[in-house]
Amino acid sequence: MTNVSPVAPRVATTPPPLAMVIFGASGDLTARKILPALSDLANRGRLNERFTLIGVARTEWSDEEFQDVARKADASGGATWARLVESFRYVAGEYAATKTFDRLKEVLAEADKNQGTGGNRLYYLATIPSVFALVAEALAKEGVNRPGEGGDFVRLVVEKPYGRDLASALELDAQVHTAFDESQVFRIDHYLGKETVQNVLALRFANAIFEPIWNRRYVEQVQITVAESIGVEHRGGFYETAGALRDIVQNHVMQVLALTMMEPPTWMDAEHIRDEKVKLLRAIDIPSPDEAVDKAVRGQYQAGVIDAAPVVGYREEDDVAGDSQTETYVALRLNVDNWRWAGVPVYVRTGKRLPARVTEITMRFHEVPFLAFEGTLSRDLRPNMLVLRIQPHEGISLKFGAKVPGEAFRVQSVSMDFGYEQAIHDTGMDGYTRLLFDAMSGDPTLFIRTDEVEQAWRIVDPYLEAWAQPGGGLHFYNAGTWGPHIAELLLQRSGDAWREPDL
Ligand code: BG6
504 MTNVSPVAPR VATTPPPLAM VIFGASGDLT ARKILPALSD LANRGRLNER
554 FTLIGVARTE WSDEEFQDVA RKADASGGAT WARLVESFRY VAGEYAATKT
604 FDRLKEVLAE ADKNQGTGGN RLYYLATIPS VFALVAEALA KEGVNRPGEG
654 GDFVRLVVEK PYGRDLASAL ELDAQVHTAF DESQVFRIDH YLGKETVQNV
704 LALRFANAIF EPIWNRRYVE QVQITVAESI GVEHRGGFYE TAGALRDIVQ
754 NHVMQVLALT MMEPPTWMDA EHIRDEKVKL LRAIDIPSPD EAVDKAVRGQ
804 YQAGVIDAAP VVGYREEDDV AGDSQTETYV ALRLNVDNWR WAGVPVYVRT
854 GKRLPARVTE ITMRFHEVPF LAFEGTLSRD LRPNMLVLRI QPHEGISLKF
904 GAKVPGEAFR VQSVSMDFGY EQAIHDTGMD GYTRLLFDAM SGDPTLFIRT
954 DEVEQAWRIV DPYLEAWAQP GGGLHFYNAG TWGPHIAELL LQRSGDAWRE
1004 PDL
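Going by the working numbering, the first residue of the sequence shown is number 504, and it counts up by one from there.
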C-alpha cells in the first residue's frame, strides 16, 4: 500500500484575498526585500487579485510617496504590480501611539470594502526588534488581531532577531502570545526560503543512497561555512547590537545544521519537520561559559583588500564604535550527542569580509581503513567528501579518488559536480518571495517554531556569556582573509583543517 500524507498537499496557486500590513514600511528591509518579493509574486500571477498593502512607519509619507517606493521596487515594471500599487495605503505614526492603530483599523476596514480583502490580514514586523511586542499588543488592543468581517485568518510574520538571548526571546514570546496564538506566528529565516537549503531534504530523503552513510560510522566530520565578502554596509548601528553569533549562527547556521543532521521526519509537513529539527537542536551539547571559550573563536575584520579593492576595518565603518568589541567572525566546534552523530565534530564558521560569498555544507567521510597503494604515489588522495553548495553556483560535489593515467598506480582526488544552473533551468523564487507566498497561504513549514528559537538561544548563550567578560577574546583578521589564524588552531588541535571552498 502506498503511504498517504495525512496533510493535504499544497495545491493553491494563489493565496486567498488579504490585506497585508508592513510595520517599518519606510525602512531598508521593505525596500530591498519585501516589496521586490511582493512585486515578483504579483507579476508571476501568484498574488490574489483581491490583495492590497498598507505601510505603517514613523516617516511622514503620503499614500502617493509609499506607492512610488513600491513602484520603484519592481525592476521589471510589470503591469499587474503597477495596477495593484494604486490601491496601496500608508499610515504615518508612532508605534506607541493609539491613534496610529485607530487609523490602521479604519484603513483595514476600507480595504475590505474597496479591495475585497475579505477580513484576512497578514502583518509583517519589519521594524527594529524593540517594538515587536509593542506592535503586537497594540494590534490586540485595537481588536485587529482577529479577522475582520467574513475573514478566516490573521497572521503575524516576524523578522529576526527574535530576542537577543534566551531570556529576552522567552519574554518576547510571552508578549507576542498575549496577542497571537503560536499557530498565527510566522518567524522568518530567509535561509529556509532558499531552494538549495530545501534541497538538502530532497537529497537526503528522496534518494536511497545517502541515508545509509549519513551517520558516525561513515562521516568523520561536518563543516558548515557561511562566508560573506561584504562588510556591515550601512547597518553598523544594528550590527553593533548583534554580532556574527546572533546575526548568522543562532538562526541561519542552526537551521541549516538541523536540516542536514536531523532524523528523517515521518511526513514532510510543518510539524513533523520542525519536531525533528528541535530534537536535533536539543542533542547539541551546551558547554558552560568556561568550556565555551575553548570551543569557539571570535574575530573582527581590520582593513584589507577584497576583489583587488582596499576596504576599511570594522571599527572605521559608519555607526561603529572606534573600540568596538563586536565580532564579525565566529568559528565553533559543536557536538551532537545522539546515536547517529556522537563523536563527529561539527565545525561551523561565518564571517564578513572573507574572500568570497559562499555557503556550503561539507560531509567528510572516514578514510579507507588501509591504503593498499604505495604511500608516495597516493599523496594527493584526500578523504571522500560530499559538498552541498548553498550559494552561489548552487550544487553538489562528490570528491573521491581516481587513478591518474600512467603505469604507476597513482590516485588523486577528483570531483563529480552537479550544478543547479546547468541541470535545472528554473531558478525558482527568491527566498523572500517563496516565504511570503507560504505565509499568505498559511503554510508554516519553512518558518521557525518557538521551541526551535529557544533551543538555538540555549546553544549560543554560553558563548555570549563568555564573550561578555572583560577582554572576551576578540581576534583580528585582515579583510579578504579566511578569518583569524587562531580559527585554524581550533581544528588543528584534532588534526583537522577547514576545507577551502572551491571558488
Ligand atoms: C542576514 C544578515 O540575515 O543574512 C546579514 O542579517 C547577512 O548580515 C545576510 O548579510 C546574508 O544573507 P544571504 O542570503 O546573502 O546569504
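We put the beta carbon where it would ideally sit given N, CA and C, even for glycine. Fair warning: this is a prediction, and the values are worked out from it, not measured in the lab.
When DSSP states are grouped into helix, strand and coil, Asp-920 belongs to the strand group. For Ile-989, the enclosing alpha helix (DSSP H) begins and ends at 989-995. With contacts defined by Cβ atoms closer than 8 Å, Asp-822 and Glu-743 form a contacting pair. Here Thr-831 really is in contact with Gly-802; their C-beta atoms are around 7 Å apart, less than 8 Å. Counting only residues of its own chain and dropping the five nearest sequence neighbours on each side, Arg-592 has a CB closer than 6 Å to the CB of Ile-557, Asp-566, Val-610. DSSP places Thr-763 in the uninterrupted alpha helix (DSSP H) bounded by 757-764.
Between Gln-894 and Thr-620, the CB-CB gap reaches or exceeds 8 Å. DSSP, read as helix, strand or coil, puts Gly-696 in helix.
Excluding its 5 nearest sequence neighbours in each direction, Glu-863 has C-beta neighbours in its own chain below 7 Å: Thr-728, Val-890, Leu-891, Arg-892, Ile-893, Pro-1004, listed in chain order.
For Val-796, the enclosing alpha helix (DSSP H) starts and ends at 792-797. In this structure, the C-beta of Ile-751 approaches ligand 1 to less than 7 Å from one of its heavy atoms.
Secondary structure at Tyr-850: strand, using DSSP grouped into helix, strand and coil. Proximity of the region 673-680 to the region 643-654 falls short of the contact definition, fewer than three beta-carbon pairs being nearer than 8 Å. Contact between Val-657 and Arg-624 is confirmed by a C-beta separation of about 5 Å, below the 8 Å threshold. Here Phe-912 is exposed. Its C-beta has fewer than 16 other C-beta atoms within 10 Å.
Counting every other CB atom within 10 Å of its CB across the protein chains shown gives Phe-526 a total of 16 or more, marking it as buried.
With a cut-off of 8 Å on Cβ pairs, the region 842-849 is in contact with the region 722-738, counting three or more such pairs.
Between Gly-734 and Lys-855 the beta-carbon gap is near 5 Å, inside 8 Å, which marks them as a contact. CA-CA distance, Leu-673 to Asp-793, rounds to 24 Å.
The shortest C-alpha to C-alpha distance from Gly-666 to any of Lys-798, Thr-603, Leu-659, Asp-964 is the one to Asp-964. If you draw a straight line from the Cα of Gly-986 to the Cα of Tyr-804, it is about 8 Å long. Residue range 592-595 is occupied by the beta strand (DSSP E) that includes Val-594, with no alpha helix (DSSP H) assigned at that position. Glu-731 has its CB nearer than 7 Å to a heavy atom of ligand 1. Annotation: Tyr-817 to Gln-995 spans about 27 Å, alpha carbon to alpha carbon. Cα atoms of Leu-784 and Ala-612: separation of roughly 43 Å, rounded to the nearest angstrom. Within the same chain, Val-800, His-978 come within 7 Å of Ile-989 by CB-CB distance, once the 5 residues on both sides are set aside. The beta-carbon distance between Trp-1001 and Arg-852, rounded to whole angstroms, is 7 Å. This is short enough to meet the 8 Å contact definition. Per DSSP, reduced to three states, the secondary structure at Met-943 is helical. According to the DSSP assignment, His-896 belongs to no alpha helix (DSSP H), since it is labelled neither H nor E.
For Gln-701, the distance from the CB to the nearest heavy atom of ligand 1 is not below 7 Å. In the displayed model, Lys-608 falls within a helix according to three-state DSSP. Residue Glu-731 holds the alpha-carbon nearest to the alpha-carbon of Asp-810 among Leu-993, Thr-953, Glu-731, Ala-761.
For Pro-965, no beta strand (DSSP E) segment is defined; the enclosing uninterrupted segment is the alpha helix (DSSP H) at 953-970.
Within the DSSP bridge table, the entry for Asn-838 names Pro-848 as partners.
For Gln-995, the Cβ stays outside the 7 Å cut-off from all heavy atoms of ligand 1. Here the C-alpha atom of Ser-686 lies approximately 34 Å from the C-alpha atom of Val-861.
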